[in-house]
Every structure is written in C-alpha cells, then in structure tokens.
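*Asks:*
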Amino acid sequence: MATATITLNHYENHHSLTIAPPSSGLSLQGQVQIPGDKSISHRSLMLGAIAQGETQIRGLLLGEDPHSTAACFRAMGAEISELNSELVTVQGIGLGQLQEPKDVLDAGNSGTTIRLMMGILASHAKRFFTVTGDASLRSRPMSRVIQPLQQMGAQIWHRSGGLAPLAIQGQALKPIHYHSPIASAQVKSCVLLAGLMAEGETTVTEPALSRDHSERMLRAFGATVKVDLETCSATVTGQAKLQGQTVVVPGDISSAAFWMVAAAIVPGSELLIQNVGINPTRTGILEALSQMEADVTLENQRTVTGEPVADVRVRHSSLKACTIAGDLIPRLIDEIPILAVAAIFAQGTTVIRDAAELRVKESDRLSVMATQLSRMGAKITELPDGLEITGGTSLVGAEVDSYTDHRIAMSLAIAALTATGTTTIQRAEAAAISYPDFTVTLQRVVS
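Number 216 in my numbering belongs to position 219 of the sequence shown; there are no gaps in the numbering.
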C-alpha cells in the first residue's frame, strides 16, 4: 500500500502542514505514547511552587503552555528546573511567600495559567502583580474569575469587558460560597486556590461537574478538601499547609482523543494509546464514542498518583450519529472539535448542543470548525451553542486554517487523512501548544 505524504513546511512567520493520502487509502497502526496531561502539568508546577519543600514531577507536558506557567512562577521566586518529561524539580517557597515580580507576568496563550494564577496572586497581601498574554489570551474573558475574587475582597484592574492585561493588588481574602453560573474547572480552581489563605471554608458550587484535578492534587499536597458530588460542590479549608510531593503526570486524554477518532474513522486502523488518564470528570470523549458505537476498549487499568490510568485500544468501525449535550459537555469540552470530525463519518445527523463555551476558547471553535470542515465538503451547520453534522459525506482536500488554535490544527489534520487530494493546514505550529510531537507521531503511525 502506498504511503501518505505528510510534510511540515516552515515559513518565516508560520508553518503549514500538508497531508496527501494515497489514492489506494491508508491505515493507522501501532502504539502511541501521548504527552502528559496539560491540566495536571499546570497544577503540579503551581502547587509545587507554593508548597514547602521539593516537588518532583515526572511526565510533564512540554508544550508551550506549561512553559508559560513555569516562567511566571520562576519570576516570583520559585526554583523550577529546566522542563523535561523525565524529571522536573520545583523548590517551593511556601504558601503566601511568592515575591512581587520585577516585570509583567506573561501567560502566553494559556488560559489555565492566567486564571488559576489569579487566585493565588489575589491572596498575596501587600504585593502588586501585572499579568498579560498573547493576542488570543487578551481577547478571552476574565470576568468569570474576576467577579468571585472581588467577592472575596480582591483588588483587580482590567480592560473594558474584563480583558487582560490585568493588575492585581494582593489582599487578605475572606472565604465565600460561590455559585458559578458555568461548569468550569478554571473558575472552580481559581476560587479554591484563592481560598487556601482565607480563614475558613471556601466553596464553589457548579451547575454540572467539571474536571476535578485541582481537588485531587490539593488533597495530595496536604490541603483539606471536601467534595459533594450530589450538589457539584468543592470546599477547601483555608490556612492550609502544603507539602511538596512526587507527581506522575498521566497522558492527556484530550491529546489521546485525536488518535481515538483517527483510528475509528480510517478503515483498517488499530491503535493502542498508552498511559491515558481516565479521570471520570474527563471521560466524556469515551462516552460519546461509545454512543457512536466506536470500537474502543480499556486495557491495563490502574491508578497513578491518585489518578486513574489505562491503555486505550481503538479499531476502525462503522459509526452512528448521536446527540452530545447537557452534563456531558463539561467532561468533553476540549474534545468537541475532534468529535465533529468523527461525526462526519457517522451514519445520520449528530447534534452538539450546550457548548457555547467553545466560542471563547483559543478561537471561536464552533465557527472555525464549521467553516473549515465545510471547505473540505462536510455537511455542517453552526448553531448558537453547538453544531449539527450530517454524516456520510466524502471529504476533499482543501486549504484550511487553524486560526492559531492547537485543537483546530490537529482536528483538521485527522480529517485530512480521509480526504481525496491534498489538504494544507495553515498556522499548523499551533499544535505545539499542547502536543509538540503531533506531526512526528502522525507520520509514524500512518501506513
């Protein structure tokens, strides 16, 4: 069987990825080792920096976003070794001991960095911080974390509409019970981190359960954390004492999702994706693929540093359309772009709803996926809060654009594997934000 042509082209200001499947078709075979979980990588660096003693991190994601987190906390006095996937050491300086930085903190493209860090900074009394990010981050809403922090007594200045750059004057915060209007792990984590130094209990209640990595890791570092699954509430007790820990970061299920869908839609494919974190607040992608009748099995299930982990085997199968909505959405919000690709190959019409949150990610993911997949021939309709995709249409190669969004870039690359002709994805370098080796891995598993 002829092999696909997969070429990363380097230009002065951007990269493009060209994918040309052979006319005889291709398949994906082998084992895939995915990068470390992005959410857990961020949190291990942050908690390690504000804990007492040394934290050792194995399996850290080496994407651009964790580098932004590390740079910010180094600027405030934490000693963090050079980032690598083998072993990163963090010499923590203790809760409340971050130093006032000499310059503006730069969160880059990372919403997790800026939103979670704001909770920590706001609680550092008598210290002043300024935080910014790249053009994408400066266009994304920060009011969702500014408002609860202000309820706790934080002083925060921002541009009109709650946009970065931000200025924060640290204060002695008071505990609150915050009823979040959205299910967001970033909002919940920000408030809980702010509550670490508030005297008393700080609680966040959500309309649905969001990912719980912060609760698990705070508990591991020594904080008192209570979770009520019935009310979707999490509570942290302030004046906590955090102690450095050893953290083993599992593979990121959001990165694994690209290979799951690729193996499911490309005829003759079988992939074993190793060391995937299957935290129940993140496994919406597995449930959605199950609804679509994908051939997915979990092997070697185990627990690593308090997080459930498994190897995921996926084989090509005939997919069925389904509806993805409601409480499932917070548990697969980052996987919706690649699920939209899966829906193109599902018999019937797949409807995705309750996902308006995607409009304020690195790009307007609903609009971008609708326009770019339409260029390739997909029957896809943009809804106010989702997408409607009619399956059974053959894709054709086209020139498409990632809009500098890592999940868009990788989703379009997977779609291109099934297209007739050549697809060129502009600004493909965005994939490095969460998956630096994506193109190399794609070239390896395609035969």
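Glycine included, every Cβ here is placed at the ideal spot set by N, Cα and C. A quick note: this is a predicted structure, and the numbers were derived from the prediction, not measured.
Would you call the CB atoms of A353 and T347 closer than 7 Å?
*Replies:* Residue 353 sits at position 356 when you count from the first residue of the sequence shown. Residue 347 sits at position 350 when you count from the first residue of the sequence shown. The answer is no: Cβ separation not under 7 Å.
*Asks:* Give the single residue among T401, I422, L329 and V357 whose Cα lies nearest to the Cα of M373.
*Replies:* Residue 373 sits at position 376 when you count from the first residue of the sequence shown. Nearest of T401, I422, L329 and V357 to M373, Cα basis: I422.
*Asks:* Please report the straight-line C-alpha distance between M289 and I47, rounded to a whole angstrom.
*Replies:* In the sequence shown, the residue the question calls residue 289 occupies position 292. In the sequence shown, the residue the question calls residue 47 occupies position 50. Roughly 43 Å between the two C-alpha positions.
*Asks:* Return yes when the Cβ of A416 is within less than 7 Å of the Cβ of L392, no when it is not.
*Replies:* Residue mapping note: residue 392 aligns to position 395 of the sequence shown, counting from 1. Residue mapping note: residue 416 aligns to position 419 of the sequence shown, counting from 1. Yes. Within cutoff.
*Asks:* Checking 7 Å against the spacing of the C-beta atoms, do A285 and L336 come in under that value?
*Replies:* Residue 285 sits at position 288 when you count from the first residue of the sequence shown. Residue 336 sits at position 339 when you count from the first residue of the sequence shown. Yes, Cβ-Cβ distance for A285 and L336 is below 7 Å.
*Asks:* Within its chain, find whatever has a CB closer than 8 Å to the CB of A291; leave out the 5 residues flanking it on each side and keep chain order.
*Replies:* For the purposes of this step, residue 291 is identified with residue 294 of the sequence shown, where counting begins at 1. If we look at A291 and ignore the five residues flanking it on each side, its Cβ neighbours are M257, A261, V311, S314, L316 and A339.
*Asks:* Do you know whose CA, among S444, P433, L439 and T438, lies nearest S82's CA?
*Replies:* For the purposes of this step, residue 82 is taken as the residue at position 85 of the sequence shown. If we check each option's Cα against that of S82, P433 comes out closest.
*Asks:* What separation, rounded to the nearest whole angstrom, lies between the Cα atoms of E196 and R328?
*Replies:* As a first step, residue 196 is located in the sequence shown; it is residue number 199 there, counting from the start. As a first step, residue 328 is located in the sequence shown; it is residue number 331 there, counting from the start. One C-alpha to the other measures close to 31 Å.
*Asks:* Keeping to the same chain, check which residues put their C-beta closer than 8 Å to that of Q26; ignore five residues upstream and five downstream.
*Replies:* Working through the sequence shown from its first residue, we reach residue 26 at position 29. So the qualifying residues of the chain are S266, E267, L268, V442 and S444.
*Asks:* How about the stretch 111 to 131 and the stretch 171 to 179: do they share at least three Cβ pairs that are nearer than 8 Å?
*Replies:* Contact fails: fewer than three Cβ-Cβ distances are below 8 Å.
*Asks:* Within the continuous alpha helix (DSSP H) that includes S13, where are the two ends?
*Replies:* The residue given as residue 13 occupies position 16 in the sequence shown. Careful: S13 lies outside any alpha helix (DSSP H), inside the beta strand (DSSP E) at H12 to A17.
*Asks:* Confirm, please, whether the CB-CB distance from A322 to D351 is below 7 Å.
*Replies:* Counting from 1 along the sequence shown, the entry for residue 351 is found at position 354. Counting from 1 along the sequence shown, the entry for residue 322 is found at position 325. Going by C-beta atoms, D351 is nearer than 7 Å to A322.
*Asks:* How is A132 classed by DSSP in three states: helix, strand or coil?
*Replies:* Here residue 132 is taken as the residue at index 135 of the sequence shown, counted from 1. A132: coil per DSSP, three-state reduction.
*Asks:* Can you tell me the Cα-Cα spacing of H155 and I90, whole angstroms?
*Replies:* Counting from one through the sequence shown, the residue named residue 155 turns up at place 158. Counting from one through the sequence shown, the residue named residue 90 turns up at place 93. Answer to the nearest angstrom: the Cα atoms are 28 Å apart.
*Asks:* Return the chain-ordered list of same chain residues with a C-beta closer than 8 Å to the C-beta of D185, the five sequence neighbours on each side being excluded.
*Replies:* Along the sequence shown, read from residue 1 onward, the residue named residue 185 stands at position 188. According to the sequence provided, residue 185 is Lys. The question's Asp does not apply to it. So the list reads S177, V201, E203, S207, S211 and A231, once near-sequence residues are dropped.
*Asks:* Could you give the distance in angstroms between the alpha-carbon of L160 and the alpha-carbon of Q144?
*Replies:* Start at 1 with the first residue of the sequence shown, and residue 160 comes out as number 163. Start at 1 with the first residue of the sequence shown, and residue 144 comes out as number 147. When rounded, the distance between both Cα atoms is 12 Å.
*Asks:* For S230, does the three-state DSSP call read helix, strand or coil?
*Replies:* Here residue 230 corresponds to residue number 233 of the sequence shown, with the count starting at 1. Strand.
*Asks:* Can you grab the Cα-Cα spacing for the pair E227 / T420, in whole Å?
*Replies:* For this step, residue 227 is matched to residue 230 along the sequence shown. For this step, residue 420 is matched to residue 423 along the sequence shown. Computed Cα separation, rounded: 47 Å.
*Asks:* Is the Cβ-Cβ distance between I410 and A427 less than 7 Å?
*Replies:* Position 413 of the sequence shown, counting from 1, holds the residue named residue 410. Position 430 of the sequence shown, counting from 1, holds the residue named residue 427. The sequence shown places Ala at residue 410, rather than the Ile named in the question. Not in contact: A410 and A427 (Cβ atoms no closer than 7 Å).
*Asks:* Near L42, what residues of its chain come up, given a Cβ to Cβ distance below 6 Å and the 5 sequence neighbours on each side ignored?
*Replies:* Taking the first residue of the sequence shown as 1, we reach residue 42 at position 45. Once the five neighbours on either side are set aside, the close Cβ partners of L42 are T66 and A67.
*Asks:* Tell me the DSSP bridge mates of P305?
*Replies:* Walking along the sequence shown from the start, residue 305 turns up at place 308. Its beta-bridge partners are T300.
*Asks:* Can you tell me which residues form a DSSP beta bridge with V397?
*Replies:* On the sequence shown, residue 397 is found 400 positions in, with the first residue counted as 1. Paired residue(s): I422.
*Asks:* Are there 16 or more other CB atoms within 10 angstroms of the CB of H7, so buried, or fewer, so exposed?
*Replies:* For the purposes of this step, residue 7 is taken as the residue at position 10 of the sequence shown. That one is exposed.
*Asks:* My assumption, with CB atoms under 8 Å, is that V101 sits in contact with T129. Please give the rounded CB distance.
*Replies:* In the sequence shown, the residue the question calls residue 101 occupies position 104. In the sequence shown, the residue the question calls residue 129 occupies position 132. Right, the Cβ-Cβ distance comes to about 6 Å (below 8 Å), so this counts as a contact.
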